[in-house]
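Q: As given, the protein sequences belong to chains A and B, one line each in that order. For what it's worth, my numbering labels the leading residue of the first sequence as 11, then goes sequentially. For what it's worth, my numbering labels the leading residue of the second sequence as 24, then goes sequentially. Heads up, the beta-carbon is just placed ideally off N, CA and C, and yes, glycines get one too. Keep in mind the model is a prediction, meaning the values are calculated, not measured. Here you go, one structure.
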Amino acid sequence: MPTQEMLDVTGFLGLSLRAGPELGLLALACLTFLGGTFIRGRLLWGLVGVIGLGFAAGFSAIQSGPAFAPTRDFFCFDDVASCVRLIVPILGMLMLPILVAEVDDVRAADIVGCTLCACAGVSLTSMAGDLVLLFLGLEAVSIPTYVMLYLARHDRRGQEATLKYFMLSIFSSALFLFGASYLYGLTGQTRLTSVSSNGLSRGILELLADPSSQRFDMPRTLAIALIFVIAGLGMKITAVPFHFYAPDVYQGTSPGMAGFLSWFPKAAGLIALLRVLGLAHGHGEPFGGMDGTLIWILAVVTMTLGNCLAIWQGNLRRMLAYSGVAQGGYMLASLAVGPATHQHAGGVGPMLFYLAAYGIMSLGAFAIIAYLNDPEMPVEHIDDLAGLGSRAPIASWSLAICLFGMLGLPLTVGFIAKAQVLLATLVSPMAAGSSLIGILGLLIVFNAAVGAWYYLGLVHRMFLRRPLGPQGKCGPKVQLAAGLVCAILTVLLGIVPSWLGWTQIRQGGRVHAIVPAVTMVAKP
Amino acid sequence: MPPEPFDFSLTTYYPIFLFLGAVIGFAVVSLLLSYLINPGRITTSVKQMPYESGMDPIGDARQQFDVRFYLIAILFLVFDVELLFLYPWAVATYGEYPVVTPSLQTVLFWEGMIFLATLLLAWIVAWRKGVFRWR
Numbered sequence: 011m012p013t014q015e016m017l018d019v020t021g022f023l024g025l026s027l028r029a030g031p032e033l034g035l036l037a038l039a040c041l042t043f044l045g046g047t048f049i050r051g052r053l054l055w056g057l058v059g060v061i062g063l064g065f066a067a068g069f070s071a072i073q074s075g076p077a078f079a080p081t082r083d084f085f086c087f088d089d090v091a092s093c094v095r096l097i098v099p100i101l102g103m104l105m106l107p108i109l110v111a112e113v114d115d116v117r118a119a120d121i122v123g124c125t126l127c128a129c130a131g132v133s134l135t136s137m138a139g140d141l142v143l144l145f146l147g148l149e150a151v152s153i154p155t156y157v158m159l160y161l162a163r164h165d166r167r168g169q170e171a172t173l174k175y176f177m178l179s180i181f182s183s184a185l186f187l188f189g190a191s192y193l194y195g196l197t198g199q200t201r202l203t204s205v206s207s208n209g210l211s212r213g214i215l216e217l218l219a220d221p222s223s224q225r226f227d228m229p230r231t232l233a234i235a236l237i238f239v240i241a242g243l244g245m246k247i248t249a250v251p252f253h254f255y256a257p258d259v260y261q262g263t264s265p266g267m268a269g270f271l272s273w274f275p276k277a278a279g280l281i282a283l284l285r286v287l288g289l290a291h292g293h294g295e296p297f298g299g300m301d302g303t304l305i306w307i308l309a310v311v312t313m314t315l316g317n318c319l320a321i322w323q324g325n326l327r328r329m330l331a332y333s334g335v336a337q338g339g340y341m342l343a344s345l346a347v348g349p350a351t352h353q354h355a356g357g358v359g360p361m362l363f364y365l366a367a368y369g370i371m372s373l374g375a376f377a378i379i380a381y382l383n384d385p386e387m388p389v390e391h392i393d394d395l396a397g398l399g400s401r402a403p404i405a406s407w408s409l410a411i412c413l414f415g416m417l418g419l420p421l422t423v424g425f426i427a428k429a430q431v432l433l434a435t436l437v438s439p440m441a442a443g444s445s446l447i448g449i450l451g452l453l454i455v456f457n458a459a460v461g462a463w464y465y466l467g468l469v470h471r472m473f474l475r476r477p478l479g480p481q482g483k484c485g486p487k488v489q490l491a492a493g494l495v496c497a498i499l500t501v502l503l504g505i506v507p508s509w510l511g512w513t514q515i516r517q518g519g520r521v522h523a524i525v526p527a528v529t530m531v532a533k534p
Numbered sequence: 024m025p026p027e028p029f030d031f032s033l034t035t036y037y038p039i040f041l042f043l044g045a046v047i048g049f050a051v052v053s054l055l056l057s058y059l060i061n062p063g064r065i066t067t068s069v070k071q072m073p074y075e076s077g078m079d080p081i082g083d084a085r086q087q088f089d090v091r092f093y094l095i096a097i098l099f100l101v102f103d104v105e106l107l108f109l110y111p112w113a114v115a116t117y118g119e120y121p122v123v124t125p126s127l128q129t130v131l132f133w134e135g136m137i138f139l140a141t142l143l144l145a146w147i148v149a150w151r152k153g154v155f156r157w158r
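As structure tokens, this is what we get:
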């Protein structure tokens with residue numbers, strides 16, 4: 011085995027250094043768990059977590075610079091990884107204050123440690139070049155989430171939400187592993203993509219794309235494998251047939267924790283899908299040699315049903331849960347376009363941009379709801395927000411901006427994200443081959459219009475209605491601050507999207523490449 | 024030597040399907056047989072009793088016991104699995120025919136140490152949280 015001989019002490023240290031931000035976060039999480047049993051305090055551990063995530067973001071930014079060559083091995087250090095590894099710690103830094111403000115001093119260290127683990131997990135998933143590492147990354151997100159769900163809220167409702175999430179999450183892990191075992195059985199490999207350039211050792215994606223290595227019943231077995239993998243990851247993405255737990259869990263848990271659930275597991279699932287289907291790699295056959303119809307169907311059903319069901323929700327967190335389902339659908343739609351090739355831009359860059367944009371907007375919305383949530387008088391129903399505009403103007407404007415962003419109004423980052431996804435569907439060469447992708451673009455526009463109904467409904471309640479009854483006190487100011495930062499970012503990145511990275515090179519009237527250029531910030 | 028893809032086909036698994044068929048068939052046949060040849064529904068209080076290998080059942084089937092035992096079971100599992108993992112680790116690294124090159128042995132040694140250190144950490148956290156205290 012050539013790879014094993016190449017890996018000696020120096021090689022190992024080099025790899026550890028490159029995965030430094032993630033390993034560092036995990037080590038810091040361990041120290042936080044340990045330290046929390048000696049010293050208690052929300053402020054201390056919150057600061058430790060934020061500083062740790064800041065360092066992780068800094069190291070990730072340095073690593074996406076030109077001094078570090080992209081590699082694809084057990085760890086994949088490519089554009090996708092360097093993009094996600096920068097987004098995740100930054101969103102983690104916004105997430106931590108919201109979560110820490112919801113727990114007491116005794117539980118603060120635990121929830122900080124769990125958040126650090128989950129951030130490291132999403133990062134690890136993004137750079138996984140191997141099924142084993144991919145699964146480890148996914149579990150590093152899931153397992154802390156179970157603990158966090160209990161830490162954030164432990165009354166009867168909270169316990170129900172925790173148990174529901176726990177059962178369905180381990181079920182989805184089992185589905186994913188079942189599919190992964192078929193992939194291993196088909197190829198005898200856990201490595202996703204080729205290790206050496208001479209073609210001697212090939213990963214799963216290369217083997218599946220090679221017609222000479224196919225057996226007579228392989229396409230059928232491959233279909234089973236992919237269906238199980240997509241089902242397992244679909245639960246994390248809350249794609250529609252697997253979304254049913256999300257509204258219950260969001261409703262049962264605390265608002266801040268619902269914000270965590272709306273991004274971190276979803277991001278891990280989407281990125282894992284990117285890796286398994288081979289969309290992150292510019293070469294090789296995407297979708298393991300099959301076409302993207304399955305993802306197409308998933309995307310259409312997810313965004314349509316998510317949006318239509320969100321309209322009927324009375325509970326605020328339930329509504330946002332369905333809105334999150336719909337947003338996941340847009341990202342899946344972007345994935346259905348396929349990977350970037352030399353001819354067209356592909357859907358991966360737009361998806362990553364959308365993921366980052368959705369993270370900012372969603373965290374902002376949940377931060378404000380967490381801020382407004384008074385334990386004595388919780389904000390549960392959407393009518394509880396009535397008349398908020400006069401009572402808490404900063405909070406209500408922040409929430410409104412985040413909602414405008416999710417709706418996709420111009421001058422917000424949500425608009426740029428939706429425009430990119432739409433553009434990717436319209437200029438894709440697949441659009442010429444089949445009308446499916448073109449229809450996808452149409453359905454995205456239709457769904458954005460449906461979404462306006464309930465997003466604007468909330469804004470209407472906040473600014474144009476009188477309060478229905480007595481209203482509770484507002485929560486910790488730090489949650490308001492986090493929400494405000496998210497709202498400012500939503501507008502700022504909507505005006506200057508190149509800060510988040512939107513590099514578009516036009517050649518002959520066609521969009522040539524949309525690079526998720528968070529990397530461009532680091533690269534001079 | 025590049026790893027060859029497995030010669031995978033479902034036909035090699037036919038003994039499993041045979042076994043599956045036999046198991047399901049046995050269950051169905053025995054249920055059907057007892058349904059067909061039973062002498063009719065005669066219910067007596069003895070027949071309504073839960074079957075406990077011929078003994079008369081005493082008390083309720085539901086027994087509560089202390090939640091602390093679950094904690095102990097989980098802790099046992101953690102350290103049991105840890106021990107289970109150390110054997111293959113030691114054999115693969117230092118066994119008669121180590122599967123790794125000498126330069127990798129150092130790496131694997133320290134990886135094992137890191138693994139043990141995380142467990143030690145977990146143990147200290149559990150101790151500090153009072154898991155070992157019998158309250």
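#1: Going by CA-CA distance only, name the one from A:TRP273, A:GLY461, A:ARG475 and A:TYR381 that's closest to A:LYS483.
#2: Have a look at B:PRO38 and A:VAL98 and give me their C-alpha separation to the nearest angstrom.
#3: In this structure, does DSSP put A:ARG201 in helix, strand or coil?
#4: Are A:LEU413 and A:VAL469 touching if we call contact CB-CB under 8 angstroms?
#5: Would you say A:ALA441 reaches chain B, if we count a Cβ-Cβ gap shorter than 8 angstroms as a contact?
#6: Note the first and the last residue of the continuous alpha helix (DSSP H) segment covering A:VAL94.
#7: Jot down the residue ranges of each uninterrupted alpha helix (DSSP H) in the region 342-403 of chain A, minimum 4 residues, whole runs only, in chain order.
#8: Given a cut-off of 8 angstroms, decide if A:SER136 and A:ALA91 are closer than it, judged by their beta-carbon atoms.
#9: Sorted by chain position, which residues of the same chain lie with C-beta nearer than 8 angstroms to A:MET245's C-beta, five sequence neighbours on each side aside?
#10: Of the choices A:ARG230, A:ILE61 and A:CYS86, whose alpha-carbon is the least far from that of A:LEU126?
#11: For B:THR141, go through chain A and note every residue whose CB falls closer than 8 angstroms to its CB, in chain order.
#12: Quick one: which chain A residues come within Cβ less than 8 angstroms of B:LYS152?
#13: Report the three-state DSSP secondary structure of B:ILE119 (helix, strand or coil).
#14: Which runs of the alpha helix (DSSP H), 4 residues or longer, sit entirely within the region 64-91 of chain B?
#15: Under the assumption that A:ILE281 contacts A:VAL94 (Cβ atoms under 8 angstroms), give the Cβ distance between them as a whole number of angstroms.
#16: A:VAL495: which of A:GLY51, A:ILE100 and A:CYS40 sits nearest, CA to CA?
#17: Does DSSP classify A:CYS86 as helix, strand or coil?
#18: What are the residues of the region 123-134 of chain B that lie near chain A, defined by any Cβ-Cβ distance shorter than 8 angstroms?
#19: Sort out for me which residues DSSP pairs B:ASP103 with in a bridge.
#20: Between the alpha carbons of A:SER191 and A:LEU36, how many angstroms are there, rounded?
#21: Measuring alpha carbon to alpha carbon, tell me which of A:LEU161, A:LEU243, A:GLU216 and A:ALA138 ends up nearest A:PHE188.
#22: Along chain B, which residues have their Cβ under 7 angstroms away from the Cβ of A:PHE620?
#23: Would the beta-carbon of A:PHE270 fall within 8 angstroms of that of A:VAL151?
#24: Apart from the five residues just before and just after A:LEU284, which ones in its own chain have a Cβ nearer than 6 angstroms to its Cβ?
#25: Since A:ALA138 sits in a beta bridge, which residues does DSSP pair it with?
#26: Give the secondary structure of A:ASN325 by DSSP, where H, G and I count as helix, E and B as strand, and everything else as coil.
#27: Would you mind stating whether A:LEU249 and A:THR303 have Cβ atoms separated by less than 8 angstroms?
#28: Would you please verify whether the beta carbon of B:LEU144 is less than 8 angstroms from any beta carbon of chain A?
#29: Closer than 8 angstroms, Cβ to any Cβ of chain A: which residues of the region 87-103 of chain B, in chain order?
#30: Residue range of the alpha helix (DSSP H) that B:SER57 falls in?
#31: Quick one: grab the DSSP three-state call for A:ARG476.
#32: Please return the same chain residues whose Cβ sits closer than 6 angstroms to the Cβ of A:GLY123, not counting the five positions on each side in sequence.
A: To lay it out plainly:
#1: A:TYR381
#2: 48 angstroms
#3: strand
#4: yes
#5: Any reading at A:ALA441 must be qualified, since the residue scores a pLDDT of 48, below 50, and its modelled position is unreliable; the value itself is stated next. Not an interface residue.
#6: 89-110
#7: 358-382 and 398-401
#8: yes
#9: LEU178, SER179, PHE181, SER182, LEU185, PHE252, TYR255 and GLY279
#10: A:ILE61
#11: CYS40
#12: THR47
#13: In the sequence as displayed, the identity of residue 119 of chain B is Glu instead of Ile. Residue state, collapsed to three classes: coil.
#14: 68-71
#15: 6 angstroms
#16: A:ILE100
#17: strand
#18: VAL123, THR124, SER126, LEU127, THR129 and VAL130
#19: B:ASP103 is not bridged to any residue.
#20: 27 angstroms
#21: A:LEU243
#22: Residue 620 of chain A falls outside the range modelled here, since chain A spans only 11 to 534, and no answer is possible.
#23: no
#24: ALA290
#25: A:PHE85
#26: strand
#27: The identity of residue 249 of chain A in the sequence shown is Ala, whereas the question assumes Leu. Against a cut-off of 8 angstroms, the Cβ pair of A:THR303 and A:ALA249 comes out as no contact.
#28: yes
#29: none
#30: 37-60
#31: coil
#32: ALA39, THR42 and PHE43
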